[in-house]
Amino acid sequence: MDNSTRKPLTYASAGVDIKAGETAVSKIRSKVQSTFSKQVVSDIGGFAGMFAPDLAGYQEPVFVSSTDGVGTKAMVAVWANAYDSIGIDLVAMCVDDLVCTGAMPLFMLDYISIGKLDPDQIEKLVDGIVAGCIMAGASLIGGEMAEHPGAMEQGGFDLAGFAVGVVDRSKVWGTHRVRKGDKLIGLASPNLRSNGFSLARASLFGSSSVEEIKKRGSEPAWPGSAKPLFEVLLEPSVIYSDAISSLPDKNLVHSCAHITGGGIPGNLPRSLPDGHSANIQLDSFDVPRIFKEIQGAGRISDEEMFRVFNMGVGMILAIEPSGEAAVRSHLDNCAIQTYLLGTVEEDGGGVNFV
Numbered sequence: 002m003d004n005s006t007r008k009p010l011t012y013a014s015a016g017v018d019i020k021a022g023e024t025a026v027s028k029i030r031s032k033v034q035s036t037f038s039k040q041v042v043s044d045i046g047g048f049a050g051m052f053a054p055d056l057a058g059y060q061e062p063v064f065v066s067s068t069d070g071v072g073t074k075a076m077v078a079v080w081a082n083a084y085d086s087i088g089i090d091l092v093a094m095c096v097d098d099l100v101c102t103g104a105m106p107l108f109m110l111d112y113i114s115i116g117k118l119d120p121d122q123i124e125k126l127v128d129g130i131v132a133g134c135i136m137a138g139a140s141l142i143g144g145e146m147a148e149h150p151g152a153m154e155q156g157g158f159d160l161a162g163f164a165v166g167v168v169d170r171s172k173v174w175g176t177h178r179v180r181k182g183d184k185l186i187g188l189a190s191p192n193l194r195s196n197g198f199s200l201a202r203a204s205l206f207g208s209s210s211v212e213e214i215k216k217r218g219s220e221p222a223w224p225g226s227a228k229p230l231f232e233v234l235l236e237p238s239v240i241y242s243d244a245i246s247s248l249p250d251k252n253l254v255h256s257c258a259h260i261t262g263g264g265i266p267g268n269l270p271r272s273l274p275d276g277h278s279a280n281i282q283l284d285s286f287d288v289p290r291i292f293k294e295i296q297g298a299g300r301i302s303d304e305e306m307f308r309v310f311n312m313g314v315g316m317i318l319a320i321e322p323s324g325e326a327a328v329r330s331h332l333d334n335c336a337i338q339t340y341l342l343g344t345v346e347e348d349g350g351g352v353n354f355v
């Protein structure tokens, strides 16, 4: 093959714009720094983030880590050309897994992969991550932006996050603390959080073209809704970690389940010991309208809806029965609606909806 007449290649001509990456970093630098606690001992732009935790008051500190992403909710953000809140979802997915151990979030890192690096799009994505980190009390100490020409469509992106927290070993929540009779307190979720979007998209949009999807997304979510469908779908997840971490008496909590993919039946049993089940009163919590719209449009069974979506309950605490008033009062003061869902029973395992 004669390459003598071939134009010399550059990284930019191959689809990777280093200059755009540098511009993006300059746009987000001060915003990322706004999340830094006094324990952050590095700046952005280095090869690794550094964090010097203050472990005063911990007898036997245990570091806890989690990682997650936003799934195909990213596709809805692309259709809506709205990128400034999905970063909140990323933080919620990570820190609200972390807090299920009783840990307090310390710091996060993010990973953004994108088809074509647009500094303005990156800035908006990071705006959401920064907002989420501030809500969660976590420092954003590092991250990565990766441009993937050819592997992803222009404008397409994916987000992943990595969180680290700390808890005293003697205060770790888990199945070992749960007892028959513990009360199950549900924390309300007004939306899908960041789970089940593949089914939601299939139900609401079917095989529609992108143009048709954008048209439907700009219309009211349902008759009489003041919000367009895209806005309802992209509403960011509630971040529960700060409210839970600040409970005055965390010993009242025995275990905690983050209700993500798999719904209540798939996640609540993970926080219960063998041989124990959860009796959940179906009329004890409110199911947001968006779930009913998804179910109706796709003719989805109740069983499938509860197996995929949170159905209005984003987190469930198994607590000491005498602690219900104190726990719910604290969460109410944190503007988080709660439900008394039911109790833990010792009768085989799983979740019983009654």
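FYI, our numbering numbers position 98 of the sequence shown as 99, with every residue one higher than the one before it.
Backbone N, C-alpha and C fix where the C-beta goes; we use that ideal spot for every residue, glycine too.
Keep in mind that this is a model prediction, so the values were computed, not measured.
| Asked | Found |
| --- | --- |
| Helix, strand or coil at V179 according to DSSP, with G and I counted as helix | coil |
| Three-state secondary structure (DSSP) of A161 | strand |
| Coarse secondary structure for E145, derived from DSSP in three states | strand |
| Secondary structure of T68, DSSP reduced to three states | strand |
| Under the three-state DSSP convention, the category T339 falls into | strand |
| For N280, the three-state DSSP class (helix, strand or coil) | strand |
| Helix, strand or coil at I135 [DSSP, three-state] | helix |
| Extent of the continuous alpha helix (DSSP H) run through C95 | 87-99 |
| Nearest-angstrom Cα separation, counted from K251 out to D128 | 31 Å |
| DSSP state of P266 mapped onto helix, strand, coil | helix |
| Buried versus exposed call for H177 [16 or more other C-beta atoms within 10 Å across all chains shown] | exposed |
| CB contact flag (L253, G166, <7 Å) | no |
| Assigned exposure category for Q60 - 16 Cβ within 10 Å defines buried | exposed |
| 8 Å CB neighbourhood of G350 in its chain, flanking five on each side removed | P270, L273, D275, G276, H277, S278 |
| When L118, A53, E124, G103 are compared against A21, the one with the closest alpha-carbon | L118 |
| Paired residues, beta bridge with V63 - DSSP | V168 |
| Cβ shell of W80 (< 8 Å), same chain only, five flanking positions each side left out | V211, I214, K215, G218, F231 |
| Local Cβ density within 10 Å of L126, reported as buried at 16 or more and exposed below that | buried |
| Distance between L283 and S226 (C-alpha atoms, nearest Å) | 25 Å |
| Limits of the unbroken alpha helix (DSSP H) element including V211 | 211-219 |
| Reduced DSSP secondary structure (H/G/I, E/B, other) of G103 | coil |
| Alpha carbon of D97 to alpha carbon of S242, nearest angstrom | 5 Å |
| Cβ shell of G133 (< 7 Å), same chain only, five flanking positions each side left out | G88, I89, L91, V92, A93, I240 |
| Under the three-state DSSP convention, the category M153 falls into | strand |
| Beta-carbon spacing of G162, M76 below 7 Å | no |
| Whether F198 touches T73 by CB criterion (7 Å) | yes |
| DSSP bridge partner residues for L273 (one or two, in chain order) | Answer by DSSP bridge pairing: none, since L273 is not bridged. |
| Sequence-distant residues of its chain with Cβ nearer than 7 Å to D55 (five each side left out) | Q40 |
| Contacting residues, own chain, Cβ-Cβ under 7 Å from P229 (five flanking each side not counted) | G218, S219, E220, P221, A222 |
| DSSP state of L193 mapped onto helix, strand, coil | coil |
| Where K1 sits in the DSSP three-state scheme | Shown here, the chain extends from 2 to 355; a query on residue 1 therefore has no answer. |
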